[in-house]
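Have a look at the structure below, then the notes.
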Amino acid sequence: MSEEQTSPVQLPPTSAIDIPSNQTFEGWFEYPVRVQPHHTDYAGIAWHGVYLAWMEEARVECLRSIGIEFADLVVLGCDLPVVELSVRYHRSIQLGMPVVVKTRMTEVTGVRINWDYALVSPDVQQLYATAKVTLVALDRERGKIMRQLPANVKDALAKVSALYKN
Numbered sequence: 001m002s003e004e005q006t007s008p009v010q011l012p013p014t015s016a017i018d019i020p021s022n023q024t025f026e027g028w029f030e031y032p033v034r035v036q037p038h039h040t041d042y043a044g045i046a047w048h049g050v051y052l053a054w055m056e057e058a059r060v061e062c063l064r065s066i067g068i069e070f071a072d073l074v075v076l077g078c079d080l081p082v083v084e085l086s087v088r089y090h091r092s093i094q095l096g097m098p099v100v101v102k103t104r105m106t107e108v109t110g111v112r113i114n115w116d117y118a119l120v121s122p123d124v125q126q127l128y129a130t131a132k133v134t135l136v137a138l139d140r141e142r143g144k145i146m147r148q149l150p151a152n153v154k155d156a157l158a159k160v161s162a163l164y165k166n
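What follows is the structure in structure tokens.
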């Protein structure tokens, strides 16, 4: 019986998800949250998965802040599922703590839409997590990736980009 040699899993370099170079977070959308009991584990620390929910809420609210309802994008038949996600946890968040989820759309390439996130204390002195998310435009009827973004989705994303300068 031969022993199979497996190579270790290769993780992306931490520089890919490290602290953003823009420490002032100028031009980032801000979404405040407070850690509730249902967000925490038995030790009163925010469960790592809740960070993802907060990031999604921030992205949806960013769009809503400029008059774009996510539900309207869905009606257009253009779903925007997450296809890539990387998170770096810098320090834990405790029950009752206020947190600000900062987000910005960084790049639209074809049908791929990239967003950056930073979860910080309200005074921005503590960095709790940083993340990068990539969405892709999916044709709901066909269940396939679109060749290009619908014009009205492109226009909506241009509005986000202009308002929250990248």
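One point on numbering: in full-length UniProt numbering, the residue at position 38 of the sequence shown is 38, and numbering is uninterrupted. Glycine is no exception: its CB is placed at the ideal position from the N, C-alpha and C atoms.
Sequence-distant residues of the same chain with beta carbon closer than 7 Å to residue i, five excluded per side
i, result
"residue 181", "A question about residue 181 goes unanswered here, because the residues of the chain that appear run from 1 up to 166."
"Ala118", "Pro20, Phe25, Lys102, Leu127, Thr130"
Between the CA atoms of residue j and residue i - distance to the nearest angstrom
i, j, result
"Leu135", "Asp79", "9 Å"
"Val82", "Phe29", "19 Å"
"Lys159", "Val74", "18 Å"
Per-residue burial, residue i [other beta carbons within 10 Å of its own, 16 or more giving buried]
i, result
"Ile66", "exposed"
"Asp116", "buried"
"Val120", "buried"
"Ala162", "exposed"
"Arg142", "exposed"
"Arg104", "buried"
Contacting residues, own chain, Cβ-Cβ under 8 Å from residue i (five flanking each side not counted)
i, result
"Val111", "Val136, Ala137, Ile145, Met146, Arg147, Gln148, Leu149"
"Val60", "Phe70"
"Leu85", "Leu52, Ala131, Lys132, Val133, Thr134"
Assigned secondary structure, residue i (DSSP; H/G/I helix, E/B strand, else coil)
i, result
"Ser92", "coil"
"Glu153", "Residue 153 is actually Val in this sequence, not Glu. Reduced to three states, the DSSP call for Val153 is helix."
"Asp41", "coil"
"Asn22", "The pLDDT assigned to Asn22 is 49, lower than 50, so where the model puts this residue is not dependable; a value taken from the coordinates is nonetheless given after this. DSSP places Asn22 in coil when its eight states are reduced to three."
"Asp72", "helix"
Any non-hydrogen atom of the ligand HEM within 6 Å of residue i CB
i, result
"Asp123", "As far as ligands go, the structure on display features none, and thus does not contain the ligand HEM."
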